[in-house]
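Asker: Numbers given in our numbering equal positions in the sequence shown, counted from 1, plus 6.
Heads up, the beta-carbon is just placed ideally off N, CA and C, and yes, glycines get one too.
Dropping the structure in here first, questions after.
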Amino acid sequence: MSHKTILVIGALLGALGVMIGAFGAHGLAKILEANGRTETFETAVKYHMYHALAMLVTGLILFNVPSKFIHLAGLFFLIGVLIFSGSLYILSLTNIKWLGAITPIGGLFLIAGWLSLGHGIFHYWPKK
7 MSHKTILVIG ALLGALGVMI GAFGAHGLAK ILEANGRTET FETAVKYHMY
57 HALAMLVTGL ILFNVPSKFI HLAGLFFLIG VLIFSGSLYI LSLTNIKWLG
107 AITPIGGLFL IAGWLSLGHG IFHYWPKK
């Protein structure tokens, strides 16, 4: 993914995070309370938003550090949000408990994103 693609996806993820969070707080409150999953949904939104911002930072860093590791970080953040937050969103709405087993896979992608970002910065940041 190019830095521009990562920035656009980060911006779209941010907008989607705000919309999902607002919809959860207002339109889905009764379902989330009935399922006992309000806190789970809030966790999904938090991680969704954190990593939307991480994608924006990643895209900006790519302007100065064209490293494959930083490109991978953007991809890992996207996959991580889809799996981590996505599984928690669905779990919150459906109460299908086995979805909780998928969530850590998304978490591993988020961790891989941060490690790839750190590796790319550490090894490829321009020396001045």
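Check whether the Cβ atoms of tyrosine 53 and serine 98 sit closer than 8 angstroms, and answer yes or no.
Answerer: Sequence index remark: in the sequence shown, residue 53 carries index 47 (1-based). Sequence index remark: in the sequence shown, residue 98 carries index 92 (1-based). Taking 8 angstroms as the Cβ cut-off, tyrosine 53 and serine 98 do not qualify as a contacting pair.
Asker: Which stretch, first to last residue, makes up the alpha helix (DSSP H) that contains methionine 55?
Answerer: Within the sequence shown, residue 55 is the residue found at index 49, counting from 1. Per DSSP, methionine 55 belongs to the alpha helix (DSSP H) from 44-67.
Asker: On the CB-based measure, 16 or more other CB atoms within 10 Å of its CB, does histidine 77 come out buried or exposed?
Answerer: Position 71 of the sequence shown, counted from the first residue, corresponds to residue 77. Classification for histidine 77: buried.
Asker: Report the three-state DSSP secondary structure of tryptophan 131 (helix, strand or coil).
Answerer: Mapped onto the sequence shown, residue 131 falls at position 125. Reduced to three states, the DSSP call for tryptophan 131 is coil.
Asker: Kindly give me the distance between the Cβ atoms of glycine 80 and phenylalanine 115, rounded to whole angstroms, as I take these residues to be in contact under 8 angstroms.
Answerer: The residue labelled residue 80 in the question sits at position 74 within the sequence shown. The residue labelled residue 115 in the question sits at position 109 within the sequence shown. 11 angstroms between Cβ atoms; not a contact.
Asker: For a test of the three-state rule: what should DSSP assign to isoleucine 102, helix, strand or coil?
Answerer: What you label residue 102 is simply residue 96 of the sequence shown in a count that begins at 1. Isoleucine 102 falls in the coil class under three-state DSSP.
Asker: Is methionine 61 closer than 8 angstroms to glycine 23 when the C-beta atoms are compared?
Answerer: Sequence index remark: in the sequence shown, residue 23 carries index 17 (1-based). Sequence index remark: in the sequence shown, residue 61 carries index 55 (1-based). No. Outside cutoff.
Asker: Is it right to say phenylalanine 47 is buried, meaning 16 or more other beta carbons lie within 10 angstroms of its own, or is it exposed?
Answerer: To locate residue 47, count along the sequence shown from 1; it is residue 41. Result: buried.
Asker: Considering only C-alpha positions, which residue in the set Leu59, Asn70, His57 and Ser8 is nearest to lysine 134?
Answerer: By 1-based counting over the sequence shown, the position of residue 134 is 128. Closest by alpha carbon: Asn70.
Asker: Could you compute how far the alpha carbon of threonine 100 sits from the alpha carbon of tryptophan 131?
Answerer: Indexing the sequence shown from 1 puts residue 100 at position 94. Indexing the sequence shown from 1 puts residue 131 at position 125. When rounded, the distance between both Cα atoms is 45 angstroms.
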